[in-house]
Amino acid sequence: MWKQMLPALRMTLLMTVVTGLIYPGVITGLCQVLFRSQANGSLITRNGQVVGSALIGQSFTKAEYFQPRPSAAGAEGYDASASGGSNLGPTSQKLIDRVKGSVARLHTDNPAMQGAVPADLATASGSGLDPHLSPASAAVQIERVAKARGISVDQLRPVVDQLTEGRDLGLLGEPRVNVLALNLALDEKFPVR
Amino acid sequence: MTPNGILQIGIYFLLILAVTKPVGTYMARVFSGERTFLHPLLRPLERLCYVLSGIKEDVEQRWTQYAGSLIAFSFFSFLLAYLFQRLQGILPLNPMAFGTAAAPASATAMTPDLAFNTAVSFVTNTNWQSYVGETTMSYLVQMAALTVQNFVSAAAGIAIAIALIRGLARQQANAIGNFWVDLTRAVVYLLLPLSLVGALFLCSQGVIQNMGSYTKVTTLEGKTQVIAQGPVASQEAIKMVGTNGGGFFNANSSHPFENPTPLTNLVQMLMIFVIPAGLTYTLGKMVGDTRQGWAIFAAMSIMFLIGVFVVYGAEQSGNPNLAKLGIESNASATQSGGNMEGKEVRFGIAATSLFATITTAASCGAVNGMHDSFTPLGGLVPLFNMEVGEVIFGGTGAGLYGMLLFAILAVFIAGLMVGRTPEYLGKKIEGKEVKMAMIALIATSAVILLFTGSSAVIHFAKGSYWNGAYGPATGNLNNSGPHGFAEILYAYSSGAANNGSAFAGLSANTPWYNLTIGLAMLIGRFLIIIPMLAVAGSLAAKKRVPVTSGTFPTHGPLFVGLLVGTVVIVGALTFFPALSLSPIVEHFLMAQGRLF
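Just so you know, the protein sequences line up as chains G and R, in that order. The numbering of the first sequence is numbering that gives the first Met the number 0, which starts it at 0 and goes up by one. The numbering of the second sequence is numbering that gives the first Met the number 0, which starts it at 0 and goes up by one.
Take a look at the structure:
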């Protein structure tokens, strides 16, 4: 083994340079040229101001906005520098209490909501930054949002449908609506007076 | 389960089936020193590596020298990874000033025990993370310490598997290859090209790749949101291809910046299995009988598919305690139903269940949903996958040599039943091989069960050095009752199996957990590798015995069944008591509505 020490040291340093500096450096250079927007976080600007990332969820509490799933990222949720899930197990009292609270609030905020709550709407995502809602979770909020913006449900529904994405390649993952994209579209089309 | 979900799983499996032969053939050529289509481009780089590190390409090593080289290399790798972390405060590429007085208030301190745990974790291809990436590690550490180990620990695993294959393929030889050559070839011809292509694809889909500091944005409702940045794509690609699994961010592949779309999710899952599946074909190719490789592939596939559908079924049925509160548990066209706690909408139930099974079947440990929030049976499969040693495709290289260990046991058991000296691929399996296989098996099982047992009962004073403000080692749990016990069992299973995924509710960043899990990772890596290299050396020296009518064929369904049986029975006998105290009992308590 002792005879192997010198080659081991040299190989460690060499690999550090090749795979730890050159490789990520080359990838950074290429990505910054080829995919500039994606490489820097798919940031969205409105009136010259960065308002978020197309991929990262943010919290919405006002009635005139579609509201995202509960989030366990950071103390107040949707902390994009402290990602993570609740890590509460299926028999956790804390989980049941939290979901109970969410369900009650959903019913208060959306009196028109009927039937069972869509599975994603009262549960926290793994990243705490889930940018999406299922189409069903968006649908149950349409009436509230329309009312808060002083428009009719029939005016609002097409906007939601238009921003609903299907499965990738018609097959992969699940249908979904990007909450930030939807709310930005609402602010543009039906601004709150 | 929905038809679409089953289709997603089926298509994934068919894609893996399709890449196994071409990738396996390519690897067989690379490690036999034959030319491939990439040689004109990469051969100069390979040569340069030998020149710069002073290695003679054509000198082969005995198994002891091979093992010595690996240990020496791992030692320096550990040292460098440790130093990079501890010194990150004075090193460049640290826009968030981690490890200095100017770090954000939420930053985690880089203590010696955390740096030890992380260095061991990445050197052993485990990638267990006691830390939160975005609040702990500078970009330089992520690249020059962690990304590097993602490459070389994976390459070392492949090298060991290739050495073991040579042991089976050669006769009356005393050498099993050259560790440095195998390592270099794995990096240059396999991991680097796959990672380059993978990283560019991932970035094109939205995975970030920059060196900037975190972006402060004002949300539509006027709140401030700080968005973490970093060189993610380059690390993400090798994290998958090398079955490493250590996320750039805490949320790992559930984070939209690591895994933004269902398409990237599929590609990441393919990246995990491509080398482990390909190696089964490489085995067949190098021993001159591809049916042998396909038999191993078949045994792995059977266990894999059973696992996937157990997880998917359990997760899709959801949590009855939530259904009682009025949460929809059935899937419909507009929502996924099932247990969505800890899962992302874009992946849904099927793609998350599939990912969880793949990542724990392989020694990857990346997650696209939080395993801690899975249903009990959904969490049982990942636990079991890890506890049988990740031989269901398994880690790059590690899966194959782990499965060959079980193949040795399987033919040994068959030999006992018929009263004949067992053989595998024409090599007599004798006392030494079986002893070595048993050392590997007992060491890893013991380390899981002993540390789990200790952590369940050990008591520390509150505020002590060993476990800080948590007090007893059970004070670090996020869940109570059987699920709490499962968090501990999962942690040591993940460590000893070099997986790295977690029931992440466990707050593991204390000296007690950092050191014991670190030890579990070291034992789980080296007490398998060294015995398996000894087996390689011993087999290489043997003559090949001719096939007779009494030879037990190891390429038919009987052998596949025996191999699966051996894995399941050994795993079940060792871990059933521990598993029955955690996921199994929790399943019944959940059905009764008991909460903790």
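Ideal Cβ positions, reconstructed from N, Cα and C, are used throughout, including at glycine.
If the criterion is Cβ atoms closer than 8 Å, does the pair residue i and residue j meet it?
| i | j | result |
| --- | --- | --- |
| S85(G) | T333(R) | no |
| M10(G) | F150(R) | no |
| F411(R) | A455(R) | no |
| T125(R) | N475(R) | no |
| A355(R) | H370(R) | yes |
| E45(R) | R184(R) | yes |
| P69(G) | F59(G) | no |
| S212(R) | M95(R) | yes |
| T443(R) | A577(R) | no |
| E327(R) | V116(G) | yes |
| A27(R) | K284(R) | yes |
| Q170(R) | K431(R) | no |
| V446(R) | I522(R) | yes |
| V29(R) | Y188(R) | yes |
| F121(R) | Q148(R) | yes |
| N116(R) | N466(R) | no |
| L601(R) | D186(G) | Past the boundaries of the shown model lies residue 601(R); chain R is included only from 0 to 595, so the question cannot be answered. |
Could you please give the first and the last residue of the uninterrupted alpha helix (DSSP H) stretch that includes residue i?
| i | result |
| --- | --- |
| G536(R) | P510 to A540 |
| G616(R) | In the structure as shown, chain R begins at 0 and stops at 595. Residue 616(R) is therefore absent and cannot be evaluated. |
| Q591(R) | V584 to Q591 |
| Q64(R) | W62 to R85 |
| Q3(G) | From DSSP, Q3(G) is part of no alpha helix (DSSP H); its letter is neither H nor E. |
| V456(R) | G430 to V456 |
| D167(G) | Neither: D167(G) is in no alpha helix (DSSP H) and is coded neither H nor E. |
| G3(R) | The question names Gly, yet the displayed sequence has Asn at residue 3(R). That run of the alpha helix (DSSP H) goes P2 to F30. |
| Q208(R) | First-last for Q208(R): undefined, no H or E at that position. |
| Y188(R) | No alpha helix (DSSP H) contains Y188(R), which DSSP labels as neither H nor E. |
Along the chain, where does the beta strand (DSSP E) containing residue i start, and where does it finish?
| i | result |
| --- | --- |
| K215(R) | T214 to T217 |
| I226(R) | T223 to I226 |
| I26(G) | Counting along the chain, I26(G) falls outside any beta strand (DSSP E), though it belongs to the alpha helix (DSSP H) covering Y22 to L33. |
| S203(R) | From DSSP, S203(R) is part of no beta strand (DSSP E) but of the alpha helix (DSSP H) over L191 to S203. |
| I54(R) | Neither: I54(R) is in no beta strand (DSSP E) and is coded neither H nor E. |
| T44(G) | L42 to R45 |
| N177(G) | R175 to N177 |
| V569(R) | Counting along the chain, V569(R) falls outside any beta strand (DSSP E), though it belongs to the alpha helix (DSSP H) covering P556 to L578. |
| G51(G) | Q48 to S52 |
Since residue i and residue j should fall inside the 8 Å C-beta cutoff, what is the C-beta to C-beta distance between them, to a whole number of angstroms?
| i | j | result |
| --- | --- | --- |
| A71(G) | G88(G) | That pair is no contact at about 13 Å. |
| S91(G) | L353(R) | S91(G) to L353(R), Cβ: 25 Å. No contact. |
| S136(G) | L120(G) | 4 Å |
| E56(R) | Y49(R) | 5 Å |
| Y138(R) | L182(R) | Not quite, the Cβ-Cβ distance comes to about 26 Å (not below 8 Å), so this is no contact. |
| F75(R) | A118(R) | Between A118(R) and F75(R) the Cβ distance is about 11 Å, and since that is not below 8 Å, they are no contact. |
| V569(R) | L440(R) | 7 Å |
Please confirm whether any heavy atom of the ligand NAD lies closer than 7 Å to the CB of residue i.
| i | result |
| --- | --- |
| L403(R) | This structure does not include the ligand NAD; it has no bound ligands of any sort. |
Take residue i as the anchor and find which of the options has the nearest alpha-carbon.
| i | options | result |
| --- | --- | --- |
| S124(G) | H254(R), W465(R), L404(R) and I157(R) | H254(R) |
| S506(R) | S129(R), I159(R) and H554(R) | S129(R) |
| L408(R) | I5(R), L562(R) and V131(R) | L562(R) |
| G378(R) | G394(R), V307(R), A413(R) and E327(R) | V307(R) |
| G341(R) | T374(R), G555(R), P545(R) and S316(R) | T374(R) |
| P190(G) | L181(G), L168(G) and R148(G) | R148(G) |
| L168(G) | A496(R), Q7(R) and G430(R) | Q7(R) |
| A571(R) | A397(R), G396(R) and F383(R) | F383(R) |
| G504(R) | S479(R), M520(R), I568(R) and E432(R) | S479(R) |
| A7(G) | I441(R), I54(R) and H482(R) | I54(R) |
| E59(R) | V29(R), A174(R), G23(R) and L82(R) | A174(R) |
| M302(R) | F12(R), L51(R), M210(R) and G4(R) | F12(R) |
| A599(R) | I391(R), Y423(R) and G393(R) | This structure cannot speak to residue 599(R), because chain R is shown only from 0 to 595. |
| P103(R) | M285(R), R85(R) and E133(R) | E133(R) |
| M239(R) | P230(R), G229(R), E257(R) and K222(R) | E257(R) |
| L12(G) | A17(R), S52(R), G88(R) and N508(R) | S52(R) |
| D108(G) | L128(G), E63(G), V49(G) and R97(G) | E63(G) |
| A496(R) | M531(R), T359(R) and S463(R) | T359(R) |
| T63(R) | M589(R), L532(R) and T515(R) | L532(R) |
Hey, which unbroken runs of the alpha helix (DSSP H) at 4 residues or more fall wholly within the region 111 to 147 of chain G? DSSP runs (the alpha helix (DSSP H)) wholly in the region 111 to 147 of chain G: 134 to 138.
Length at least 4, wholly inside the region 245 to 293 of chain R: the alpha helix (DSSP H) runs in chain order: 261 to 286
Output the residue ranges of the alpha helix (DSSP H) runs that lie fully inside the region 357 to 416 of chain R and measure 4 residues or longer, sorted by chain position. 375 to 386
Secondary structure, alpha helix (DSSP H): runs of 4+ residues fully inside the region 87 to 150 of chain R: Qualifying alpha helix (DSSP H) stretches, in chain order: 111 to 122 and 132 to 135.
Enumerated in chain order, which unbroken segments of the beta strand (DSSP E) with a length of 3 residues or greater are wholly contained in the region 66 to 112 of chain G? You should have found no qualifying run.
Using a Cβ-Cβ cut-off of less than 9 Å, give me the residues of the region 338 to 360 of chain R that come near chain A, in sequence order. Included in the structure are the protein chains G and R, with no chain A among them.
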